[in-house]
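**Student:** These protein sequences, in sequence, are chains H and A. One gets the working numbering by counting positions in the first sequence from 1 and adding 11 to each. One gets the working numbering by counting positions in the second sequence from 1 and adding 339 to each. Glycine included, each C-beta is placed from N, C-alpha and C at the ideal position.
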Amino acid sequence: MSAATDDIAETRGAASETVKANAEGAAVKRTLGIGFWIALIWLGIVFFAAAFAPWLPFKDPDANYIQRGERPPYPPSMAHPFGTDQDARDILARTAFGGRVSLTVGLVAIAMGMFFGGLMGILAGYFRGWWDRIFSFIFIILLSFPSLVLAILITSLLERSLRTISLTLGILTIAPVGRVARATTISFTEREFVLAARTLGAKNGRIIIRELLPNVVIPMSALALLGMGVAVVAEAGLAFLGLSVEKGPTWGKVILTGAGSRDLQKYPWIAIIPIVVLFFTVLALNFAGDRIRSYFDAKETAL
Amino acid sequence: MSKTAETPLLELDDLKTHFRTERGLVRAVDGVTLSLKRGESLGVVGESGSGKTVLSRSIMGLLPSSTVNHGSVKFAGREILGLSAKQMRHLWGAEMSMVFQNPLNSLNPLMKIGKQITEPLRLHLNMDKATATATAVQLLRDVRIPEPERRLSQYPHELSGGMRQRVMISIALACGPTLLFADEPTTALDVTVQAQILDLIGEQRRDRNMSVILVTHDLGVVAGHTDQIAVMYGGKLVEYAPTKTLFADMKMPYTKSLMRSIPKLVDPSHSRLATIPGRPPDLVNPPPGCNFAPRCLYAQPKCHVEEPPLVQANDPSHKYACWYPVGTPEFEKRDAELQATGYRADDVMAVS
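Okay, here's the thing in structure tokens:
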């Protein structure tokens, strides 16, 4: 008897709970979720460390901190929290300074892709006709060219400076970003608000900048975050082939110093720690990009 | 009134709008002649694909440049057909504007309402920010939006469908156009909201002495809100009359069929709704004779061979294109036969 009443009471409690949850759910504003903010905090730390590395209390990334009576590499310790590599260089400092190069490459590459790809994609999608034919043809050529071969070709022909690497990876991001921009522009151009703007006397330039651009930039920026992750990984890939920036550490080069099979077995921290930093950074970029995309997607469907 | 009666605001003379396609020339609008006085409203009625939307867009010059246009469109006495987009831009918004079918799509989702209303004001009327904002508030008040000041800083998704359509109307009215196109303005809205929106358009028309072209597929919508009605079929005008005359004395069997396909309150429940059998004509290869003949329950052999011209009824303002209009002996005889079979369209088609 008492068990039965308990059951009923419980059911009632649960029912009122659901009602309450529903009522709250309706009132709750859509959020990006805690994961997004964790990803953002991680990215903040990494970017801060990279941007201000010379002014932060890091050790000299190129100095050899040989300890008397012991052969490097040294495992993580109080003096070297991430340990050192075979030349007794501080891995924490090298990772921070390496981030300067790797993240710059990622940022420049995606900025280039956003600017040129976005411009070409929007013009192609809005005007169609010859603009579309020419730019779509360029995108197809860029996409069908094996990207690694192109990167190797350019970096082995030109000096391996930060600028060359960034621009090479930048060229490779034009086509994917451009295609997204073009497709999004086409779908928005067919929406009636663009025609409505035209019937109110807006010129093409105004329609593109005021009506289309804000709508197209959202999916583009989500893609940009994903693309930046790809560019950072691509730099590491080039470093692995010995084709990354010549001067100073990069994440790819730091990983490479510890990537020999013997080193990986005996001194795993040399490669693993920068790999973990790279992994979490790319993961955070992807996650943040994905969350932004779905956040605005849902907003669209709610319209 | 007598002065405006002399110069119509809009005059179409044999307007033809054809599209070149791979299949051939699509005659979307094929010889439409009509005129509209300042302050009057015209209902353009027809099925999907009858050319009513193309008609309004081709008057406004919104169609791609590959479109082939013939005839003449005179706006306030000036020929505007074939003007470039650059020349038309002075008219768009300021002289003629348009309210679209779907208020969900016709507002920019990422721009605040206030920005969307003030932009044309600042563009066409060179208003400064404060004046434009004050005008926007007044416009929103005109279209009966509560708390207009607060709406200015809201985004379209924060408003309901009817509210968005009101905003759309206020944007279209912002620069005081003399001609407003309303392209199925109520199709995407709830029935209760539909009447409000139509009343609102009518009220603004009277207040601003503006002409309205109401494009719709619903005869019921135009009945109470227009002075004239143009019924289109297959890109052609098939009946054109003052609203009262049309409803009192329909000539064209097509108009009659449209009327019959509206459900009526006096019908017993579960009575079958009358439909028009078949589909709108292929505008690349229109049928010989009358466009409507293949679907017309009253078609006679002549209808399939010879195209009926647009002729005047007893009332000179009433025009129709039909060989055997409602009231002729041929029509009445056929109608009696149809009455006997109970207007079952499919049965009738099987017989004929």
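If you drop the 5 nearest sequence neighbours on each side, which residues of the same chain put their C-beta closer than 8 Å to that of H/A129?
**Tutor:** Strictly speaking, residue 129 of chain H in this sequence is Gly, with Ala absent from that position. So the qualifying residues of the chain are V188, G189, A192, V227, V228 and M231.
**Student:** Could you tell me which residues DSSP puts in a beta bridge with A/D369?
**Tutor:** Answer is A/K355.
**Student:** Determine the closest residue to A/V665 out of A/S445, A/T372, A/V530 and A/L585, with distance taken between C-alpha atoms.
**Tutor:** Comparing Cα-Cα distances from A/V665 to each of A/S445, A/T372, A/V530 and A/L585, the minimum goes to A/L585.
**Student:** Closest to A/M571 by CA distance: which of A/N441, A/G500, A/T346 and A/L649 is it?
**Tutor:** Comparing Cα-Cα distances from A/M571 to each of A/N441, A/G500, A/T346 and A/L649, the minimum goes to A/L649.
**Student:** Can you say whether A/L612 is buried or exposed, counting buried as having 16 or more other CB atoms within 10 angstroms of its CB?
**Tutor:** So A/L612 counts as exposed.
**Student:** How about H/V119: is its Cβ closer than 6 Å to a heavy atom in the ligand ATP?
**Tutor:** Among the components modelled here there is no ligand, and therefore nothing to report on the ligand ATP.
**Student:** Tell me the DSSP secondary structure of A/T346 in three-state form.
**Tutor:** It is coil, neither helix nor strand.
**Student:** Assign A/K590 to buried or exposed, taking buried as 16 or more other Cβ atoms, counted over all protein chains shown, within 10 Å of its Cβ.
**Tutor:** A/K590 comes out buried.
**Student:** Beta carbons nearer than 8 Å to chain H: which residues of the segment 595 to 613 of chain A have them?
**Tutor:** Cβ contacts with chain H come from no residue of the segment 595 to 613 of chain A.
**Student:** Identify, in the order they occur along the chain, each residue of the same chain with its Cβ nearer than 7 Å to the Cβ of A/G421, setting aside the five sequence neighbours on each side.
**Tutor:** Excluding sequence neighbours, A/G421 sits near N408.
**Student:** Where do the N-terminal and C-terminal ends of the alpha helix (DSSP H) with A/A475 fall, by residue?
**Tutor:** Segment K468 to D481, the alpha helix (DSSP H) holding A/A475.
**Student:** Would you say H/F138 lies against chain A (beta-carbon separation less than 7 Å)?
**Tutor:** Chain A contact via Cβ: absent.
**Student:** For the 8 Å Cβ check, are there 3 or more pairs between the segment 468 to 488 of chain A and the segment 440 to 450 of chain A?
**Tutor:** Verdict: no, contact absent.
**Student:** Based on the DSSP output, what are the partners of A/L512 in its beta bridges?
**Tutor:** Answer is none; A/L512 lacks a bridge partner.
**Student:** Any residues in the segment 173 to 206 of chain H with a beta carbon nearer than 8 Å to a beta carbon of chain A? Which ones, in chain order?
**Tutor:** Listed in sequence order: R202, E203, F204 and L206.
**Student:** Using only the alpha-carbon positions, how far apart do H/V119 and H/P157 sit?
**Tutor:** Rounded to the nearest angstrom, the two C-alpha atoms are 21 Å apart.
**Student:** In chain order, what residues of the same chain lie with their CB nearer than 8 Å to the CB of A/H643, ignoring the 5 residues before and after it?
**Tutor:** Taken in chain order, the residues that qualify are P626, P627, G628, C629, A632 and P633.
**Student:** Compare the beta carbon distance of H/F148 and H/M131 with 7 Å and say whether it is the shorter of the two.
**Tutor:** It is not a contact, given that the beta carbons lie outside the stated cut-off.
**Student:** Looking at C-alpha atoms only, which residue of A/D621, A/R599, A/G617 and A/L537 is the closest neighbour of A/G382?
**Tutor:** The residue with the shortest Cα to Cα distance from A/G382 is A/L537.
**Student:** Would you give the residue range spanned by the beta strand (DSSP E) that A/M591 belongs to?
**Tutor:** A/M591 -> no beta strand (DSSP E), and no H or E assigned at all.
**Student:** Using a Cβ cut-off of 8 Å, which residues of the segment 393 to 413 of chain A contact any Cβ in chain H, in chain order?
**Tutor:** Here the close residues are M399 and L401.
**Student:** If you run the structure through DSSP and keep just helix, strand and coil, what is A/M450?
**Tutor:** Reduced to three states, the DSSP call for A/M450 is coil.
**Student:** Here's the rule: buried if 16 or more other CB atoms are within 10 angstroms of the residue's CB, otherwise exposed. What is H/A135?
**Tutor:** With 16 or more Cβ atoms within 10 Å of its Cβ, H/A135 is classed as buried.
**Student:** Rounded to a whole number of angstroms, what is the C-alpha to C-alpha distance between A/E486 and A/R503?
**Tutor:** Distance between the alpha carbons of A/E486 and A/R503: 14 Å.
**Student:** Name the residue from A/S423, A/V412, A/T525 and A/M549 whose alpha carbon lies nearest to the alpha carbon of A/R377.
**Tutor:** Here the closest residue by C-alpha is A/M549.
**Student:** Which residue comes first and which comes last in the alpha helix (DSSP H) that contains H/M231?
**Tutor:** Element bounds for H/M231: L224 to F251.
**Student:** Write down the C-beta distance between H/I185 and H/F127 rounded to the nearest angstrom, noting that I regard them as a contact closer than 8 Å.
**Tutor:** About 5 Å; that satisfies the 8 Å criterion.
**Student:** According to DSSP, which residues form a beta bridge with A/N408?
**Tutor:** Answer is A/T356.
**Student:** Cβ of H/G212 less than 7 Å from any chain A Cβ?
**Tutor:** Chain A, which has a Cβ nearer than 7 Å to the Cβ of H/G212, makes this yes.
**Student:** Which value, in whole angstroms, describes the spacing of the CA atoms of A/E676 and A/Y663?
**Tutor:** Between A/E676 and A/Y663, the C-alpha separation is close to 15 Å.
**Student:** Can you grab the Cα-Cα spacing for the pair H/A37 / H/L51, in whole Å?
**Tutor:** Its pLDDT being 44, under 50, H/A37 is placed unreliably by the model, and the measurement read from it follows with that caveat. C-alpha separation (whole angstroms): 27 Å.
**Student:** Can you tell me the Cα-Cα spacing of H/L159 and H/L180, whole angstroms?
**Tutor:** Answer to the nearest angstrom: the Cα atoms are 10 Å apart.
**Student:** Please tell me whether A/W662 has its Cβ less than 7 Å away from any Cβ of chain H.
**Tutor:** It does not; no Cβ of chain H falls within 7 Å.
**Student:** State the beta-bridge partners of A/I552 as determined by DSSP.
**Tutor:** Answer by DSSP bridge pairing, in chain order: A/L381 and A/F520.
**Student:** In chain order, what residues of the same chain have a beta carbon less than 8 Å from the beta carbon of H/A107, not counting five sequence neighbours either side?
**Tutor:** So the list reads A60, A61, A64, L67, F69 and P72, once near-sequence residues are dropped.
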